[in-house]
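Working notes, structure below.
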Amino acid sequence: QAEASDKEQLPDRAPVKELQAEEADGKEVLADEAGDHGEESVESEEEAAEELPDFVSMNTEDLVGLAIRSLKERPVSDLRSLMEGIQAVVQERFETVYEENKQLFLEQGGNEIDFRFHNPLRDSFLKTFREYKSKRRSYYQLLEKELQVNLQRKKTLIEELKQLLQKEESLSESFRELKGIRERWNETGPVPKSESDNIWKTWHFHLDNFYDYVRINDDLRDLDFKKNRAAKEQLCQEAEGLSDMEHIGQA
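My numbering puts the first residue of the sequence shown at 4, with every later residue one more than the last.
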């Protein structure tokens, strides 16, 4: 019914180049979606799987209404599949309606250069879709800034971890500091996807170095204990031998 309503609209007159430019603009609304700044560098931007409606079975007016409501009521980060699905269906329908009206205009004796067709439903959808794209781009730009802040925080924590090996303090104090560093690390959010693997490997490399340092110190301590015990056992034997000496003064 919506499509029939579209077809019944009387065509206005305007230069065909203007209309073609508008049509090209509508077709390109989605063209730069993949290039929006920040989306590729997000570490974990996985939209939750959702059961989408059968867009083809819905009339155009309902599809446009669904797009408008969804943009108002749902987070923009969850709308990509829905908005792209609606866009693919309605854009094809808008083009069909446009061609049918142009053909009717020509059959009635009109000149193609004078043809103009205004579709309010199409204008409403394009306005909504542009708003969606703008909000989505802003969302990812803000998220990218947060990821960069998290990256700098984690780099700072790695430097603190490296400094633990150079401090002259007890192992218990070093472990206390390590606990604080690890807590702050775990509280820090994700970093850009392009940096995620490298920052994770760097963190664990220096964490392993710290534990190796602790193990080495434990081994050295155990070795010292063994040497001390051997030395003290030798002293005990010598002390026991004093009782066998004939001169107590010498003993």
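No residue lacks a Cβ here, since even glycine has one placed at the ideal position from N, Cα and C.
Verify whether the separation of the beta carbon atoms of residue i and residue j is less than 8 Å.
i       : j       : result
Leu-82  : Leu-74  : yes
Leu-154 : His-209 : no
Gly-192 : Glu-149 : yes
Phe-213 : Leu-181 : yes
Trp-188 : Lys-230 : no
Phe-97  : Arg-119 : no
From residue i to residue j, what distance separates their C-alpha atoms?
i       : j       : result
Glu-241 : Phe-178 : 41 Å
Ile-161 : Trp-206 : 6 Å
Asn-201 : Glu-134 : 36 Å
Gly-112 : Phe-58  : 36 Å
Pro-78  : Asp-117 : 43 Å
Arg-218 : Ser-199 : 29 Å
Met-61  : Lys-196 : 38 Å
Lys-20  : Thr-159 : Because the pLDDT of Lys-20 is 39, which lies under 50, any placement of that residue in the model is unreliable, and the number read from its coordinates should be weighed accordingly. Answer to the nearest angstrom: the Cα atoms are 57 Å apart.
Leu-121 : Ala-91  : Contrary to the premise, residue 121 reads as His rather than Leu in this sequence. So the two alpha carbons sit approximately 20 Å from each other.
Ala-254 : Cys-239 : 14 Å
Ala-27  : Glu-76  : Confidence at Ala-27 is low in this model, with a pLDDT of 46, below 50, so its placement is unreliable and the value that follows should be read with caution. In a straight line, the C-alpha of Ala-27 is about 29 Å away from that of Glu-76.
Asn-114 : Ser-141 : 44 Å
Glu-102 : Glu-190 : 57 Å
Gly-252 : Glu-243 : 16 Å
Glu-95  : Glu-53  : 24 Å
Asp-211 : Arg-185 : 13 Å
Lys-204 : Gln-166 : 18 Å
Glu-176 : His-250 : 52 Å
Give me, in chain order, the residues of the same chain whose beta-carbon lies closer than 7 Å to that of residue i; leave out the 5 immediate sequence neighbours on both sides.
i       : result
Leu-55  : Ser-84, Leu-85 and Gly-88
Met-248 : Ala-254
Glu-138 : Checking the sequence, you will find Lys at residue 138 rather than Glu. Excluding sequence neighbours, Lys-138 sits near Val-79.
Val-194 : Glu-46, Leu-150, Asn-153, Leu-154, Lys-157 and Ile-202
Once you ignore the five residues that flank residue i on each side, which residues in its own chain have a CB closer than 6 Å to its CB?
i       : result
Val-93  : Thr-63, Leu-66 and Phe-128
Tyr-216 : Leu-168
Lys-136 : none
Ala-233 : none
Glu-25  : In this prediction, Glu-25 scores a pLDDT of 45, lower than 50, which makes its location untrustworthy; the coordinate-derived value is nonetheless stated afterwards. None.
Spatial neighbours of residue i within its chain, please: CB distance less than 8 Å, with the 5 preceding and 5 following residues excluded, ordered by chain position.
i       : result
Glu-236 : none
Thr-131 : Val-67, Ala-70, Ile-71 and Leu-74
Glu-110 : none
Inset, instruction - Taking 8 Å as the threshold, find out whether the segment 159-173 comes into contact with the segment 101-110 through three or more Cβ pairs. - result: no
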